[in-house]
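S.K.: Residue numbers (the numbering used here), protein chains in the order written: chain A, -3 to 138; chain B, -3 to 138. Cβ atoms here follow ideal geometry from the backbone N, Cα and C, with glycine treated the same way.
There are 2 protein chains.
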Amino acid sequence: MPETKLLTSGLEDYLEEIYIAHLNNTPLKGAELARKLNISRASVSEALSRLVARKLIKYNSYETISLTSKGLNEAQKVYAKHHILKDFFEEILGISADEASENACKIEHIISQNILDKMTKYTNYCKNHKELLDNFKKENFD
Amino acid sequence: MPETKLLTSGLEDYLEEIYIAHLNNTPLKGAELARKLNISRASVSEALSRLVARKLIKYNSYETISLTSKGLNEAQKVYAKHHILKDFFEEILGISADEASENACKIEHIISQNILDKMTKYTNYCKNHKELLDNFKKENFD
DNA sequence: ACAATGTGTTAGGGTTGCCTTACAATTCTT
DNA sequence: AAGAATTGTAAGGCAACCCTAACACATTGT
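(1) If you draw a straight line from the alpha carbon of S97 of chain A to that of M115 of chain B, how long is it in whole angstroms?
(2) For a test of the three-state rule: what should DSSP assign to S5 of chain B, helix, strand or coil?
(3) Roughly how far, in whole angstroms, is the beta-carbon of S62 of chain B from the beta-carbon of K51 of chain B, given that I think they are within contact range, below 8 Å?
(4) Which first and last residues belong to the alpha helix (DSSP H) in which Y55 of chain B is found?
(5) Need the endpoints of the alpha helix (DSSP H) that I103 of chain A sits in, please.
(6) If you compare alpha carbons, which of A:E42, A:F84, A:L19 is closest to G6 of chain A?
(7) Compare the Cα-Cα distances from L47 of chain B to each of B:E87, B:E12, B:N99 and report the closest residue.
(8) Provide the residue span of the alpha helix (DSSP H) that contains L33 of chain A, from first to last.
(9) Taking 8 Å as the threshold, find out whether the stretch 77 to 87 of chain A comes into contact with the stretch 21 to 38 of chain A through three or more Cβ pairs.
(10) Using the rule of at least 16 other Cβ atoms within 10 Å of the residue's Cβ for burial, across every protein chain shown, is D9 of chain A buried or exposed?
(11) Does chain B have any CB closer than 7 Å to the CB of N21 of chain A?
(12) When Cβ atoms are compared, which residues of the stretch 91 to 116 of chain A fall closer than 7 Å to chain B?
(13) Just the chain A side, please: which residues come within less than 9 Å of L7 of chain B by C-beta, in chain order?
(14) Going by Cα to Cα distance, which pick from A:A38, A:E70, A:L89, A:K32 is closest to T119 of chain A?
(15) Below 8 Å on the Cβ atoms is my guess for I111 of chain B versus K102 of chain A; work out the distance and round it to an integer in Å.
(16) Between which two residues does the alpha helix (DSSP H) containing E70 of chain A stretch?
(17) Would you kindly work out how many angstroms separate the C-alpha atoms of S45 of chain A and A17 of chain A, rounded to a whole number?
(18) Alpha carbons only, please: which of A:S92, A:A93, A:D113, A:E87 is nearest the one belonging to H125 of chain A?
(19) Nearest-angstrom Cα distance between T60 of chain B and R31 of chain B?
(20) Hey, could you find the ends of the alpha helix (DSSP H) L112 of chain A is sitting in?
(21) Measure how close the beta-carbons of N99 of chain A and S108 of chain B come, nearest whole angstrom, since I'm counting them as under 8 Å.
(22) Indicate the three-state DSSP secondary structure (helix, strand or coil) for S36 of chain A in the structure shown.
(23) So, is E127 of chain B buried or exposed, given that buried needs 16 or more other C-beta atoms within 10 angstroms?
(24) Between E104 of chain A and V74 of chain A, which are expected to be in contact by the criterion C-beta below 8 Å, what is the C-beta distance as a whole number of angstroms?
(25) Spell out whether any CB of chain A is found under 7 Å from the CB atom of L33 of chain B.
(26) Among all the DSSP beta bridges, which residues are the ones paired with S62 of chain B?
(27) Kindly say whether L68 of chain A, judged by its beta-carbon, lies nearer than 7 Å to any beta-carbon of chain B.
(28) Grouping DSSP H, G and I as helix and E and B as strand, with all else coil, what is L47 of chain B?
This is the structure:
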């Protein structure tokens, strides 16, 4: 259990986006990443250096960004968190996919693992007992 | 709906602490605030200037910090968010008070109002249907 | 009243992270 | 191959936070 945080929120966002490209088998370069995250190429360039320094990605100018195994590991953790949160927001609270994702993206960096674990169990429990949720929804058609 | 954020996360933390002192009728000075937040007196001094500049607090050296009506308003909003999150974590997910509070403290600054609203309704719904929660808890005594 | 203690500010630093502008290197297109 | 387009990097800035050290000012206690 690393008490010292390896990654800042910002770097986790970059890493996550790189991971998504990896999942999609889509080659990703800095400029494209900048577009995706709505950040200047210069800032992305800096961030990639930081990620390389921390040995989370491999990257040489003009080439495709790739994850090291350490980076893949970290990215998967972040991505899993994202998923748990998004799922909860959507399925339990009935939030739209976009809003759920947006919020998950910010919260994933700071919420404790313990809460995420409980949340996972909870969401699963509710999915297996649909009737409970249906009742809630019935009472809350805004 | 102010699209431009009035307060950064950091300033919201200061404001919240000031608000709690206000609720408790406890006079609060900079040094005490520094102790509470575990931050140097110098940093607190800076932060207070920023809060004064934004007209959220009234403050003169060596006097007690007080909220303007604008500040009170903002503080109440932050505090309400904190409460909703903490309550949800504790009551629904069964998280300890400390951990619930710690997490709420970070998430309150970034989560959308819409999600908080739904979360409030949801928590209330569950409180009125205890049996559902009891079942969940029975299946999840870690 | 005056020393000890507590409080606040300034000055000088540091980090992260973002920006723009300008230039360099590469790749694409014709 | 050569110019156009894309991509990357440097340099210089800025804001939010945080720190320590040193000093000024206030309050308290004996």
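M.R.: On the basis of the data shown:
(1) Translated into the one-based positions of the first sequence, residue 97 of chain A becomes position 101. Translated into the one-based positions of the second sequence, residue 115 of chain B becomes position 119. About 16 Å.
(2) By 1-based counting over the second sequence, the position of residue 5 of chain B is 9. In this structure, S5 of chain B counts as helix in the three-state DSSP scheme.
(3) On the second sequence, residue 62 of chain B is found 66 positions in, with the first residue counted as 1. On the second sequence, residue 51 of chain B is found 55 positions in, with the first residue counted as 1. S62 of chain B to K51 of chain B, Cβ: 12 Å. No contact.
(4) Here residue 55 of chain B corresponds to residue number 59 of the second sequence, with the count starting at 1. Element bounds for Y55 of chain B: n/a, residue is neither H nor E.
(5) Here residue 103 of chain A is taken as the residue at index 107 of the first sequence, counted from 1. 93 to 103 is the extent of the alpha helix (DSSP H) around I103 of chain A.
(6) For this step, residue 6 of chain A is matched to residue 10 along the first sequence. Residue A:E42 is the option with its Cα nearest to G6 of chain A.
(7) Residue numbering aside, residue 47 of chain B sits at position 51 when the second sequence is read from its first letter. Considering only alpha carbons, the answer is B:E12.
(8) Here the question's residue 33 of chain A lines up with position 37 in the first sequence. Per DSSP, L33 of chain A belongs to the alpha helix (DSSP H) from 26 to 33.
(9) no
(10) Walking along the first sequence from the start, residue 9 of chain A turns up at place 13. Burial call: buried.
(11) By one-based count along the first sequence, residue 21 of chain A stands at place 25. Output row for N21 of chain A: interface = no.
(12) I91, E95, N99, K102, I103, I106, I107, S108, N110, I111, K114, M115
(13) Taking the first residue of the second sequence as 1, we reach residue 7 of chain B at position 11. In chain order: nothing, as chain A lies at least about 17 Å away.
(14) In the first sequence, the residue the question calls residue 119 of chain A occupies position 123. Here the closest residue by C-alpha is A:L89.
(15) Numbered from its first residue, the second sequence carries residue 111 of chain B at position 115. Numbered from its first residue, the first sequence carries residue 102 of chain A at position 106. That pair is no contact at about 11 Å.
(16) Along the first sequence, read from residue 1 onward, the residue named residue 70 of chain A stands at position 74. Its alpha helix (DSSP H) spans residues 65 to 83.
(17) As a first step, residue 45 of chain A is located in the first sequence; it is residue number 49 there, counting from the start. As a first step, residue 17 of chain A is located in the first sequence; it is residue number 21 there, counting from the start. Each residue's Cα considered, the two are about 19 Å apart.
(18) Along the first sequence, read from residue 1 onward, the residue named residue 125 of chain A stands at position 129. The shortest Cα separation from H125 of chain A among A:S92, A:A93, A:D113, A:E87 belongs to A:E87.
(19) Translated into positions along the second sequence, residue 60 of chain B becomes position 64. Translated into positions along the second sequence, residue 31 of chain B becomes position 35. Their Cα atoms are separated by approximately 15 Å.
(20) The sequence position of residue 112 of chain A within the first sequence is 116, counting from 1. It spans 109 to 123 - the alpha helix (DSSP H) in which L112 of chain A sits, taken as one unbroken run.
(21) In the first sequence, counting from the first residue as 1, residue 99 of chain A sits at position 103. In the second sequence, counting from the first residue as 1, residue 108 of chain B sits at position 112. About 6 Å separates the two Cβ atoms, so the contact holds.
(22) Looking up residue 36 of chain A in the first sequence gives position 40. Residue state, collapsed to three classes: coil.
(23) The sequence position of residue 127 of chain B within the second sequence is 131, counting from 1. Exposed is the call here.
(24) For the purposes of this step, residue 104 of chain A is identified with residue 108 of the first sequence, where counting begins at 1. For the purposes of this step, residue 74 of chain A is identified with residue 78 of the first sequence, where counting begins at 1. Yes, they are in contact, since the Cβ atoms of E104 of chain A and V74 of chain A sit about 6 Å apart, within 8 Å.
(25) Residue 33 of chain B sits at position 37 when you count from the first residue of the second sequence. So no, L33 of chain B is outside the interface.
(26) Here residue 62 of chain B is taken as the residue at index 66 of the second sequence, counted from 1. The partner list for S62 of chain B (beta bridge, DSSP) reads B:K54.
(27) If you number the first sequence from 1, residue 68 of chain A lands on position 72. It does not; no Cβ of chain B falls within 7 Å.
(28) Position 51 of the second sequence, counted from the first residue, corresponds to residue 47 of chain B. Correct three-state label for L47 of chain B: helix.
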